[in-house]
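Per the numbering used here, numbering through the sequence shown is continuous, rising by one, with the last residue being 437.
Think of the CB as a built atom: it goes at the ideal place given N, C-alpha and C, for glycine as much as any other residue.
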Amino acid sequence: MSGIRSVACTPRVELREGWQFATAAAGSTPDRRQDWNWQPASVPGTAASALRDAGQWTWDDPRTLDAEDFWWRLHLVESGAATLGFDGIATLADVWLDGKPLLGSDNMFVAHRVAVELNGNHELLIRCRALAPELAIRRPRPRWRVPMLREQQLRWFRTSLLGRTPGWSPPCPPIGPWRPVWIEKGAPTVGEPTLDIGVEGDNGIVDVVLESGDGIESAILIFERDEQRVVSGLERHDGRWLGRLIVNDPVLWWPHTHGEPALYRAWLELVVAGVAVRLDLGQRGFRTIRIDRDAGDFRIMVNGVDVFCRGACWTPLDAVSLNAPAEAYESAVDQVRDAGMNMLRVAGPTVYEADAFYEAMDRAGILLWQDLMFANMDYPEDPGFVAGVVAEVEQQLARLKPHACLALVCGNSEGEQQAAMGSAPRERWSP
Numbered sequence: 007m008s009g010i011r012s013v014a015c016t017p018r019v020e021l022r023e024g025w026q027f028a029t030a031a032a033g034s035t036p037d038r039r040q041d042w043n044w045q046p047a048s049v050p051g052t053a054a055s056a057l058r059d060a061g062q063w064t065w066d067d068p069r070t071l072d073a074e075d076f077w078w079r080l081h082l083v084e085s086g087a088a089t090l091g092f093d094g095i096a097t098l099a100d101v102w103l104d105g106k107p108l109l110g111s112d113n114m115f116v117a118h119r120v121a122v123e124l125n126g127n128h129e130l131l132i133r134c135r136a137l138a139p140e141l142a143i144r145r146p147r148p149r150w151r152v153p154m155l156r157e158q159q160l161r162w163f164r165t166s167l168l169g170r171t172p173g174w175s176p177p178c179p180p181i182g183p184w185r186p187v188w189i190e191k192g193a194p195t196v197g198e199p200t201l202d203i204g205v206e207g208d209n210g211i212v213d214v215v216l217e218s219g220d221g222i223e224s225a226i227l228i229f230e231r232d233e234q235r236v237v238s239g240l241e242r243h244d245g246r247w248l249g250r251l252i253v254n255d256p257v258l259w260w261p262h263t264h265g266e267p268a269l270y271r272a273w274l275e276l277v278v279a280g281v282a283v284r285l286d287l288g289q290r291g292f293r294t295i296r297i298d299r300d301a302g303d304f305r306i307m308v309n310g311v312d313v314f315c316r317g318a319c320w321t322p323l324d325a326v327s328l329n330a331p332a333e334a335y336e337s338a339v340d341q342v343r344d345a346g347m348n349m350l351r352v353a354g355p356t357v358y359e360a361d362a363f364y365e366a367m368d369r370a371g372i373l374l375w376q377d378l379m380f381a382n383m384d385y386p387e388d389p390g391f392v393a394g395v396v397a398e399v400e401q402q403l404a405r406l407k408p409h410a411c412l413a414l415v416c417g418n419s420e421g422e423q424q425a426a427m428g429s430a431p432r433e434r435w436s437p
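Structure follows, in structure tokens:
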């Protein structure tokens with residue numbers, strides 16, 4: 007889901023062109039797809055954005071999108087071993103390749119990748135099932151009701167509240183491949199790298215773990231800023247490559263109100279089966295973040311200095327498609343900086359943002375308050391639901407934790423408030 011990713015020896019290519027979409031009644035099956043009205047669609051995108059682009063949906067449309075099935079298809083011409091990636095499909099999704107099931111997903115915030123063997127012409131088919139029939143199924147009651155929601159059963163589904171909160175957000179719930187779909191040619195040879203970046207005394211510390219196959223022959227980690235370049239080799243242990251890089255007296259990253267948001271360019275240089283591969287790790291910064299709750303206070307300290315945080319809650323730049331070009335994120339975050347703010351909160355009723363947003367926050371020196379995507383509701387604790395949440399949170403934290411802007415992560419938005427507003431006894435919702 008991010009710029010840190012697995013690689014083969016060929017680049018990742020987003021599958022943006024040639025998509026079509028169609029609508030169907032709830033409960034539709036792929037054997038009827040030739041009967042439907044297929045129209046061009048942009049991916050990444052949503053059902054609402056596809057209908058909008060086709061002139062078939064406006065803000066005032068009373069259409070209940072959650073009551074319909076939506077389909078996307080792509081004619082794919084490729085051969086050989088490859089990996090297909092789906093960085094996010096909302097919400098109850100099934101994917102077929104040439105009529106054979108490829109994957110199923112019930113969490114719009116989880117990315118999937120599937121190894122495939124291609125041999126020419128292929129049809130990639132995605133179905134996003136209607137949520138309304140699932141919401142109508144009787145399930146155990148929550149401990150409190152949420153006045154802002156018509157559908158209390160939404161608590162059982164890992165999807166955004168955007169479009170499902172009358173009076174708070176436009177009536178366009180996210181449905182469809184809202185994050186990129188991509189292909190990587192060749193068998194995967196390098197797994198997902200993880201970075202832990204910190205400061206110990208006068209040194210910047212970077213610990214890297216690189217999951218790998220058998221093809222890697224050497225690996226080095228490089229951090230560079232201006233004339234300073236620091237290089238550290240990785241060593242193989244139990245099928246993984248591990249390394250630690252130390253930057254003496256690093257230039258620290260600061261929120262723009264307190265200093266320069268200094269960043270280092272970072273990358274891995276690998277030799278994979280005799281081929282040199284550069285794996286870009288983005289721009290990374292060194293800083294310490296501490297949350298001080300002594301004496302009932304709540305203070306954020308950056309590099310040992312108290313920071314008075316002032317800012318706003320962020321909302322998607324396009325509430326319909328949930329996507330925007332990188333330059334739009336750059337412009338919006340720069341306006342936040344120029345307005346004198348130094349913190350933005352990505353709130354739980356919305357979505358985890360695109361990589362371009364977090365990268366713009368790093369560059370602009372804006373601190374990030376990141377909610378996990380939970381809000382208002384009494385979420386279930388059954389094992390299946392919890393397993394999906396664990397996968398979601400692990401993926402998102404691995405993606406977000408290398409960003410210098412990340413100040414804190416919280417687990418819910420207004421859960422206690424909604425319970426109290428609904429007159430639920432305190433002992434029912436407060437541990």
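- Rounded to the nearest angstrom, the gap between the Cα atoms of V83 and Q423 is 52 Å.
- Annotation: R271 to D286 spans about 9 Å, alpha carbon to alpha carbon.
- Within 10 angstroms of the beta-carbon of F363 lie 16 or more other beta-carbons, which makes it buried.
- Annotated three-state conformation of L414 is strand, per DSSP.
- One Cα belongs to T64, the other to F229, and the distance between them is close to 48 Å.
- Checking the DSSP bridge columns, you'll see A31 partnered with E74.
- Inter-residue distance for V395 and F76 is about 25 Å (C-alpha atoms, whole angstroms).
- If you draw a straight line from the Cα of G110 to the Cα of F292, it is about 39 Å long.
- In this structure, F115 keeps its C-beta atom at 9 Å or more from the C-beta atom of W78.
- Following the DSSP letters along the chain, one finds R149 in no alpha helix (DSSP H), marked with neither H nor E.
- For S337, the uninterrupted alpha helix (DSSP H) segment begins and ends at A332 to D344.
- Assignment of beta-bridge partners to S419 by DSSP yields A381.
- Residue pairing by DSSP places F229 opposite V236 and A272 in a beta bridge.
- Under the 8 Å Cβ criterion, the stretch 116 to 127 does not count as touching the stretch 205 to 218, having fewer than three qualifying pairs.
- Between the C-alpha atoms of S238 and Q62 there is a straight-line separation of about 55 Å.
- In the displayed model, Q402 falls within a helix according to three-state DSSP.
- Secondary structure at A99: strand, using DSSP grouped into helix, strand and coil.
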